[in-house]
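Protein chains in written order, with the numbering used here: chain A, 1 to 670; chain B, 1 to 673.
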């Protein structure tokens, strides 16, 4: 093994990262899809011969982090059947992809007859065919409606382009010349990388380069292992849901996670996840596994460099045919919801282990809103697409940031300019503001959501939304409250028009002067709101982040006529609010606390009729069991067999909540 | 007459005094005095021992506005904005600055929410006033402003770039009731669309303005006390100067004051000496600024930032990285060795300053490598202590298990890799091959590293101008006065006649001609440049297209855009195009100092002052040391060599050849044996 001094190691590390940056600049400069050169919806990476990523671009996590799964799948297909001049193309979600729009190019680089490295580029192509322009449709029931599926194929073989395959692909896409431009941009990036790799080999020698790669992977691995080793061994569990409305009724899809820590290794097991469904909620193994990694990195080691070494101690089990590992022919177009829910369950499980490092849940959804119609000024069709971010979760040191892109999004603009929007579309914004009271209550408050009122100034238009978290909001941790749920509705003639399937609306007809109200989700709180320092509550109220009502009823702070806090009244009110909480004694139960629905299971909470009535809770209401880490959500079943004052809880539930038999547990309405 | 350039940087205050009659230049360098920068400046002037009555012009580069913004030590201010939009300044574009960190926060807005007041007014995108500001709203707000005791107010209304009427009326109401409060409107500061960027730039301007005004007034007063009563020219980020009174109103234009002066100086010297394609490399104590100059023209951008705050005024595209002589080398988690971004700054400074710094910096590494002479004090005051440098570097070397020479060499090599990364971003990543450019090195640490940076990038030539340690101060003396005017009119090229376009440019030019006349320029000393910001319909970013006499129809304008698009993005189609903004840059041309001349006579032997064992690749190598001022025109010397002068040292590594031209520029060329 070549000896490598620590300085040459750092220099070669910079050389490798700089190759990826140059690839990135090449794609950015030459691609044709607006999504690529404006939304930066693409990623680049360098891989070694074992398909481990050795350097990646840093941008949109959702895009970059799943890339290694695609590469591995392609390499499994070709194994030794690769030669200089081959270029592989793929987008198959069932084989390491994310969704069909993300098309990956892989470019093996040989040196002295030996495969050493391969650059890869993944680009979001604006259209890959399918039932709607842009290929992504909330109405898709199978992948065939989402575009052309490309299994790993050699689009260039020993330097000769496969024109038949290319023509066939492009014939099935809208605006084919643009797609061809995107392809060439990716190819140019790979060729640039090849040139730089050869320069590095000429200067430092192949052995030195490979040694640097090995050492980098190893030290990233040991850095992640060190972090995992600080966690106590054990099995940690958490569960959450995605929302669907088959036949117009809520069908929550269960997403459970069993996180096992053993020494310096970690296993994330999604066994028990809801079966996949014929609506765009499912996602792929690459997306699910990458999301686990994004959450772990963001919690355990934010500053670590991105390479496969840090993935090594982490394994992910996601059964095929479930919402986290979709198989043919279920749709895989939307991955934003699975990503955010996988992050939520990872946070929920880790909240039991490292409460100081986690945060309340973030804003639940990518909140894809579409307003489309004909622009009266130009007579042409227009589509306004908006994806306002919401509140992020609060954490031990600070309140959650309001309306800010989440960890899986990275540095993406999420709140669009009013002036740009009004110049382009027949729309007028009535307001674009932070929503008062939308952040989850807590010792540290969750971030606030965006609240936007959009007036239609054209005669007609249609509105569609694909979102989640309209029923189940972002959860708080360590006793913190939930953020506000996602909402959209229409103000028409002074009244409100609400949707029966919130978060899932297709083609609703808007008329002139309708005001479409969009509210993203608030972030979860951290810690008991009654422990929030009084001066922070007062400042939140003065700045309008919370209402007077919430200041008093949730935080127990009494403000006198002079605008100053009445300390004695505050102390009394805080005691009173704490005493008023529904606290039940945990009792053991062997009964199944999950109810089977049409597709999936959901947790139930059995309460005595007296306790339910006392708390004003109806049968079927959604409640939250508040323990020492993240709360469990459950559907209420009023059960005469339950003794009043008690809460039957299974072993799993007791473990998540840190609640012993005989101990009191706080139950509250959601 | 005398001309005086004063550049106040974070660490040192540099002065250049030019005597127009004799062509002589005098330099001075003194430590900056952050508590009151005017003090350090006056110390420097005192050392020059000059009668300020004899000075015809003073040009000033200052970091005051930038420091106020970065330290968040600006005015208590309020914002008055359109109803429903007070959170624009807080939310921005809803993006995330720190990736992969569940505890990332957003820096607080400059103005708390309770001091962002809303008015029920509204203008539409086409300039139509839907609702003028109601009198009762204005009364209520004036009272609220009075009660809040703010000293400055930003008025930021939607679509004010299209029609400034509502902002103007609001401004009048506030000024009338509260005459001592500083008020600026968004259309005065940045009449361009995209409300967050415009509001944020306006708020930034208002935030720093009261303190910048006090500073500039204090400078003017002190200069006047010593007999200088002419206008004070302040360097702005676009590479021109503006009178201090105008900068006091628009200080947001001075955020790149010092770095811009260096680029202007480089472009000027390069052009005059036949090197029009440059990459400027200004490495100081805490940061390094690089800029690409092509055919004598530097790239411009509106995508600036001050820390995390957007600053969208037109400015030179300078890539600044947080690595300089004071950058600290340290070992992070997982044994990752880093150089920067932590910096020892001016205080405590590198370990060798002996002011309490203990961690090894790039400067310490250069001292250990014997590249930086320790005989003469820096800025006349700071003595470098080689023992402290060695102690600091050897501590890190022990931690890594290498010897001290290898460690010092490694720190410098890693710093060089960072520098090359910054240069790649403005060259390779933008489609320019750095090998076609000359590396133009200055700043206290630039000439120390330039040869290594050039070699790493495959650049064949380094140019070190005279007085590299005071170069930005020299740049101040060659900068013309520059006024930029902009008008935003988002229109498709098919919806706008060419005559209409010319009318807009005519109006903008007339306004800037008036400004230059006010500054005292005759028509012959005025120059105007017009350009358009254009894009394809549907794009979010614009490209700048020069508007010159070769364009006579709208088709020509479109073609010019296609060419610009192809140059930047490799492809172009004939899809619909729109114009976003029209710009006019107006220059008032000032007389430039004559370039210095190298001694016509003299010899290498006479210039050779010392020889010492300098470490190259961690190996001691006998190296000649030359005094730069004694090197005659036409001198050629082979590396390894050191060329010392006040404020900096140029390293000529083995395998490099150095030569001196008639204007006393040093050129380093690789492989020229």
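Just so it is clear, CB atoms sit at the ideal spot from N, CA and C, and this is done for glycine as well.
- Nearest Cα to residue 236 of chain A within the set A:268, A:251, A:72, A:263: A:268.
- Contact with chain A is absent for residue 547 of chain B, since none of that chain's Cβ atoms lies less than 8 Å from the residue's Cβ.
- DSSP places residue 397 of chain A in the coil class of the three-state scheme, outside both helix and strand.
- Taking the CA atoms as reference points, residue 593 of chain A sits about 8 Å from residue 649 of chain A.
- The beta carbon of residue 122 of chain B is closer than 6 Å to those of 130, 131 in its chain, skipping five residues each way along the sequence.
- Assigned with DSSP and collapsed to three states, residue 420 of chain B falls in helix.
- Using a Cβ-Cβ cut-off of 8 Å, residue 484 of chain A does not count as an interface residue toward chain B, since no Cβ of chain B sits closer than that to its own.
- Residue nearest to residue 276 of chain B within the set B:285, B:287, B:263, B:356 is B:263 (criterion: CA-CA distance).
- DSSP, read as helix, strand or coil, puts residue 482 of chain B in strand.
- Here the C-alpha atom of residue 246 of chain B lies approximately 59 Å from the C-alpha atom of residue 240 of chain A.
- Taken through DSSP and simplified to helix, strand or coil, residue 192 of chain A comes out as helix.
- Residue-level contact by beta carbon fails for residue 228 of chain A and chain B, as no gap is shorter than 8 Å.
- Collapsing the DSSP output to three states places residue 262 of chain A in a strand.
- Take the alpha-carbon of residue 357 of chain B and the one of residue 393 of chain B: they are about 12 Å apart.
- Contacts with chain B (Cβ-Cβ distance below 8 Å) from the region 422 to 455 of chain A involve 422, 423, 428, 429, 430, 431, 432, 433, 434, 450, 453, listed in chain order.
- Contact between the region 355 to 370 of chain A and the region 455 to 472 of chain A is present: three or more C-beta pairs spanning the two stretches fall below 8 Å.
- Counting only the Cα atoms, residue 450 of chain A lies some 19 Å from residue 104 of chain B.
- Close to residue 395 of chain A, with beta-carbon spacing below 8 Å, are these residues of chain B in chain order: 102, 103.
- In terms of CA proximity to residue 253 of chain B, B:205 leads the group B:261, B:205, B:228.
- Boundaries of the alpha helix (DSSP H) around residue 555 of chain B: 554 to 569.
- In the structure shown, the three-state DSSP call for residue 116 of chain B is strand.
- Residue 286 of chain B carries a coil assignment under DSSP once its states are collapsed to helix, strand and coil.
- Only 538, 539, 540, 541 from the region 527 to 545 of chain B bring a Cβ to less than 8 Å from some Cβ of chain A.
- Inclusion of residue 429 of chain B and residue 22 of chain A in the CB contact set at 8 Å is warranted, their separation being smaller than that value.
- For residue 443 of chain B, the closest C-alpha among the options B:472, B:192, B:565, B:243 is that of B:472.
- At least one CB of chain B lies nearer than 8 Å to the CB of residue 412 of chain A.
- Per DSSP, residue 43 of chain A is not a residue of any alpha helix (DSSP H); the beta strand (DSSP E) it occupies stretches across 42 to 48.
- Chain-order list of chain A residues neighbouring residue 213 of chain B: empty, with the shortest C-beta distance near 29 Å, by a criterion of under 9 Å.
- For residue 453 of chain B, the enclosing alpha helix (DSSP H) has its first and last residue at 446 to 457.
- Taking 9 Å as the cut-off between beta carbons, the residues of the region 85 to 100 of chain B near chain A are 85, 86, 87, 88, 90, 91, 92, 93, 94, 95, 96, 97, 98, 99, 100, in sequence order.
- In the structure shown, the three-state DSSP call for residue 596 of chain B is coil.
- Scanning the region 358 to 388 of chain A from its first residue to its last, the whole beta strand (DSSP E) runs of 3-plus residues come out as 368 to 374, 381 to 386.
- The distance from the Cβ of residue 485 of chain A to that of residue 469 of chain A is about 6 Å, consistent with a contact at the 8 Å cut-off.
- Sequence-distant Cβ neighbours of residue 402 of chain B in its own chain, meaning closer than 6 Å and more than five residues away, do not exist here.
- For the region 184 to 205 of chain B, the beta-carbon criterion of a distance under 7 Å to any beta-carbon of chain A is satisfied by 193, 194, 195, 196.
- Sequence-distant partners of residue 66 of chain A (beyond 5 residues in either direction) whose C-beta falls short of 7 Å from its own C-beta, in its chain, are 98, 286, 287, 290.
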